[in-house]
Amino acid sequence: MLTLAFTVALAFSAFAVSAEMLEVTDDFGRNVTLPGYSERIISLSPTNTEILFAIGAGDRVIGATDYCNYPEEAKEITRVGGVSTVSIEKVVASEADLVLGCALNSKETVERLTELNVAVVSLNPENIQEIQDDIMLVGRLTGKEENATALVADMAQRLEAIKARTVDVKRPKVAHITWHDPLWVAGGGTVQDELIELAGGDNVFSDKKEWDTASLEEFIDRNPDVIIVSVGHGVAGMQPYDYILQEERLKVVNAVKNGRVYTIDADIASRAGPRIVNATEIVYECLSESFGDTEMPTPEPAGFEALLAVASLLVVLCFSRRRTKKV
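Counting from 52, one number per residue, gives the positions in the sequence shown under the working numbering.
Given below as structure tokens:
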């Protein structure tokens with residue numbers, strides 16, 4: 052155990068030494084060098100904003116997008132435009148030492164900010180492991196490695212508690228939709244597909260690539276036992292949910308016949324940040340009737356050695372597991 056503790060201490064020591072000059076590679080393979088931990092940050096996606104607040108760096112966010120609405124304090128942050136309509140002038144005028152971007156920011160925006168010597172680190176996690184990796188990366192950028200490690204360890208524990216309850220269950224067929232005209236469904240390779248699997252279901256559209264459309268006939272033919280509908284305050288509102296319940300042709304679908312059409316907050320279900328675990332727990336609750344399970348899984352408290360092992364692993368991952376993706 053002493054050896055393990057030394058490993059963790061050594062890893063965090065390496066972080067401390069590197070605080071004078073940080074060199075990171077973002078999710079698009081861009082190498083970025085910063086003079087130290089970031090103190091003035093602009094977040095160009097709601098997910099990034101949630102991560103920053105979750106690790107205790109919310110007070111460093113001096114600019115955010117129009118859609119950054121969680122946690123509540125984020126609503127008070129100065130706006131710099133939409134996710135894909137960023138005001139370069141506002142970003143430059145803010146004198147931020149880091150812009151935390153995402154895949155939906157335009158290539159032109161990132162290139163222009165880089166030309167103006169603004170440090171841009173972009174995140175694009177495509178699964179839960181990569182979400183955890185990115186949380187660790189943001190922890191490194193802000194000097195909040197310890198908080199990031201604790202957050203990721205908590206996420207891992209909660210997910211393991213769900214997995215332990217769904218090992219031998221009979222998996223219901225599940226469809227996750229976000230729109231109805233046409234039906235827009237979560238396919239394989241999406242975070243939503245992964246959380247359906249973790250929560251104990253089988254995604255009936257896992258053969259589709261990422262987000263895709265499905266005809267009404269195809270949807271009826273797949274005949275999901277459970278339908279999860281993302282709803283929120285945006286363009287969609289409750290329209291997709293109302294459509295599923297009111298469309299006469301869908302009344303033959305098991306989920307509709309048996310009253311197993313559920314809603315989930317689109318912000319929780321679609322943002323690839325810490326609350327993706329909340330989304331998994333919500334989906335588990337929706338599916339649990341199929342397992343005869345009426346209680347939410349409770350994570351087992353981790354022993355000291357287990358926590359050290361998780362911390363050591365996550366620190367190593369932060370150094371070694373950066374993905375390179377095309378812009």
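Here a beta-carbon is modelled for each residue, glycine too, at the ideal position from N, C-alpha and C. Quantities reported herein were computed from a predicted structural model and do not represent experimental measurements.
Here GLN297 is exposed, its C-beta having fewer than 16 other C-beta atoms within 10 Å. By the criterion of a C-beta distance shorter than 8 Å, ASN156 is surrounded in its chain by LEU95, SER96, VAL134, SER135, VAL137, SER173, once the five residues flanking it on both sides are discounted.
Note: LEU234 is bridge-paired with HIS231, ALA265 in the DSSP secondary-structure output. Sequence-distant Cβ neighbours of SER145 in its own chain, meaning closer than 8 Å and more than five residues away, are ARG91, ILE93, ILE113, GLY114, THR129, VAL131. Linking VAL280 to ASP117 through their CA atoms gives a straight-line distance of about 24 Å. Taking the CA atoms as reference points, GLY238 sits about 13 Å from LYS224.
For GLY240 against LYS260, the beta-carbon gap comes to about 6 Å, under 8 Å, which counts as contact.
Under the DSSP assignment, GLY152 falls in the beta strand (DSSP E) whose first and last residues are 149 to 153. For the set SER339, THR100, LYS126, TYR88, the Cα lying nearest the Cα of GLU196 is the one of TYR88. About 4 Å separates the CB atoms of ALA250 and TYR335; that is less than 8 Å, so the two are in contact. C-alpha of GLU181 to C-alpha of ILE102: approximately 13 Å in a straight line. Annotation: TYR294 to ARG311 spans about 14 Å, alpha carbon to alpha carbon. In the three-state scheme derived from DSSP, where H, G and I count as helix and E and B as strand, ARG326 is classed as coil. Judged by DSSP in its simplified three-state form, ILE333 adopts helix.
Annotation: ALA154 to GLU299 spans about 38 Å, alpha carbon to alpha carbon.
DSSP, read as helix, strand or coil, puts ALA170 in coil.
Note: GLU74 is bridge-paired with THR84 in the DSSP secondary-structure output. When ASN329, SER257, ARG216, TYR313 are compared, the shortest CA-CA separation from GLY343 is found for ARG216. In this model, SER257 and LEU167 are separated by some 43 Å (Cα to Cα).
Contact check for LEU164 and VAL142: beta-carbon distance about 6 Å, within the 8 Å limit, so the pair qualifies. ILE186 and TRP230 have their alpha carbons spaced roughly 29 Å apart.
Rounded to whole angstroms, VAL242 and ASP148 show a C-alpha spacing of 30 Å. At least 8 Å separates the beta-carbon of ASN254 from that of ASP276. Scanning its chain for C-beta atoms nearer than 7 Å, with the 5 sequence neighbours on each side dropped, one finds around THR160 the residues VAL137, ILE139, in chain order.
When beta bridges are read from the DSSP output, ASP184 appears opposite no residue. DSSP places LYS260 within a strand segment (E or B) once states are collapsed to three. Counting the other Cβ atoms within 10 Å of the Cβ of GLY288 gives fewer than 16, which makes it exposed. The beta carbons of GLY283 and ASP232 sit no closer together than 8 Å. Leaving aside the five residues that flank ARG326 on each side, the residues in its chain whose CB is nearer than 6 Å to its CB run, in chain order, ILE319.
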